[in-house]
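All remarks here apply to the structure that follows.
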Amino acid sequence: MNNKLQIKALTQNIGAEISNVDLTEELSADIRSQLFDAIMEYQVIFFRDQPINHEQHKEVGRIFGDLIIHPGVAGIEGHEDIVAIHADKDSKYVAGDNWHTDLSCNAEPPMGSMLYLHTIPDIGGDTLFSSMYAAYDALSPRMQEYLSGLEAEHDANHVYHAIFGDYSKTYPCNVHPVIRTHPVTGKKSIYVNSSYTTRIMGLSKTESEGILTMLYNHVKDPNFQVRFTWQPDSIAIWDNRCTQHFAVWDYFPQTRSGYRVTMAGEKPE
Ligand code: SIN
39 MNNKLQIKAL
49 TQNIGAEISN
59 VDLTEELSAD
69 IRSQLFDAIM
79 EYQVIFFRDQ
89 PINHEQHKEV
99 GRIFGDLIIH
109 PGVAGIEGHE
119 DIVAIHADKD
129 SKYVAGDNWH
139 TDLSCNAEPP
149 MGSMLYLHTI
159 PDIGGDTLFS
169 SMYAAYDALS
179 PRMQEYLSGL
189 EAEHDANHVY
199 HAIFGDYSKT
209 YPCNVHPVIR
219 THPVTGKKSI
229 YVNSSYTTRI
239 MGLSKTESEG
249 ILTMLYNHVK
259 DPNFQVRFTW
269 QPDSIAIWDN
279 RCTQHFAVWD
289 YFPQTRSGYR
299 VTMAGEKPE
């Protein structure tokens with residue numbers, strides 16, 4: 039392998055498949071920098087045939103930021119910063135089968151996430167990613183102007199209380215701009231999602247629900263999306279600041295399994 043990544047864009051708006059790199063090996067500063075640039079440009083990047091172990095997973099994740107500990111899901115044994123992503127015949131729910139960006143409930147939501155799957159159902163289990171840059175750009179100038187300066191609440195309590203049934207534990211709840219500006223690219227994106235966002239501050243309940251419903255429908259437009267079909271040992275790394283994703287659970291009772299690390303971000307502005 040030479041030291042230049044091969045990058046194949048998958049759509050006009052989002053997503054690229056990357057080859058000519060072995061993520062099980064130590065990566066040079068130049069390759070790390072190319073990977074960083076690729077995620078800034080394509081928002082989500084995909085890799086095939088990368089049978090990484092936990093240490094290698096964390097090492098690649100750290101290219102993009104320090105690893106954070108998930109506030110709602112315990113890490114795997116010996117690695118508090120790796121969560122298992124697993125569904126099988128006994129599963130009552132799966133992580134992420136609705137449009138969301140990871141942990142927007144946090145005061146400093148994560149910059150990105152890196153998912154490695156080793157076990158894949160025969161058919162199904164794709165993940166869809168949607169570009170929130172493209173979604174923002176497609177709004178009318180009047181709507182962009184209206185949403186700018188508004189803030190919304192992102193509450194993890196309803197999410198994890200419903201999953202775990204334990205109402206005694208408290209999860210993060212924070213307020214962030216409805217439209218945020220990416221700290222690296224300077225581009226604007228929509229930053230509300232149907233999983234964590236509960237209301238727009240300063241609007242009546244009816245107004246808030248109306249605007250959020252409009253935005254949730256808008257971000258589902260296939261024109262903003264890329265759909266990734268997993269194979270064993272595939273990897274996806276995405277930028278949570280400008281994307282949303284949806285893990286399709288159409289493979290029950292089959293097994294889909296792997297691990298995720300989450301990279302630290304900053305307070306959205
Ligand atoms: C998630 O991180 O939301 C899960 C994504 C997936 O399982 O494809």
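Read in my numbering, the sequence shown has 249 at position 211, and its numbers run on one by one without any break.
Using N, Cα and C, we set each Cβ at its ideal position, and we do this for glycine too.
Keep in mind the model is a prediction, meaning the values are calculated, not measured.
Return the Cβ separation of residue i and residue j in integer angstroms, given the expectation that the two are a contact with Cβ distance under 8 Å.
i	j	result
I30	Q263	The chain is shown only over 39 to 307; residue 30 falls outside these bounds and no answer can be derived.
H108	V98	Not a contact, Cβ separation roughly 18 Å.
K305	A76	With a Cβ gap of about 25 Å, K305 and A76 do not count as contacting.
L177	V216	Actually they are not in contact, since the Cβ atoms of L177 and V216 sit about 11 Å apart, beyond 8 Å.
S325	Y171	Because residue 325 is not part of the residues shown, which for the chain are 39 to 307, the question remains open.
I114	A302	With a Cβ gap of about 19 Å, I114 and A302 do not count as contacting.
H92	Y234	That belief does not hold up - the Cβ atoms of H92 and Y234 are roughly 27 Å apart, past 8 Å.
A194	V213	That pair is no contact at about 13 Å.
I158	P270	6 Å
Can you name the start and end residues of the alpha helix (DSSP H) that residue i belongs to?
i	result
G296	Element bounds for G296: not the alpha helix (DSSP H) but the beta strand (DSSP E), R294 to M301.
S71	A67 to Y80
K243	K243 to V257
F202	N195 to F202
Are residue i and residue j close, meaning C-beta to C-beta below 8 Å?
i	j	result
A385	W276	Examination of residue 385 is not possible in this model, given that the chain is present from 39 through 307 alone.
G163	R294	yes
F74	I101	yes
H220	S142	no
R218	R279	yes
A54	L153	no
Q282	N231	yes
T365	F284	The displayed coordinates of the chain run from 39 to 307. Any statement about residue 365 would go beyond what the structure contains.
I123	Y297	yes
S151	V257	no
I90	T62	yes
D140	T300	yes
T223	M78	yes
G110	Y205	no
G103	M149	yes
N58	L43	yes
N41	S71	no
Y131	I201	yes
R86	S242	no
M128	K96	Here residue 128 turns out to be Asp, not Met, going by the sequence shown. No, they are not a contact pair.
At a cut-off of 7 Å, would you count residue i as near the ligand SIN, judging by its Cβ distance to the nearest heavy atom?
i	result
H192	no
H283	yes
R298	yes
S151	yes
G134	yes
D140	yes
I90	no
T165	yes
I83	no
I114	no
I311	The structure shown has nothing for residue 311, since the chain only spans 39 to 307.
I123	yes
So residue i is in the beta strand (DSSP E); what residue range does that whole segment cover?
i	result
R218	I217 to T219
Q44	Q44 to A47
R237	T235 to I238
Q263	Q263 to F266
E183	First-last for E183: P179 to L185, but that is the alpha helix (DSSP H), not the beta strand (DSSP E).
T281	T281 to A285
D271	First-last for D271: undefined, no H or E at that position.
E55	A54 to S57
I228	K226 to I228
Ordered list of alpha helix (DSSP H) runs contained in the region 95 to 176, each at least 4 residues: Whole alpha helix (DSSP H) segments, 4+ residues: 170 to 175.
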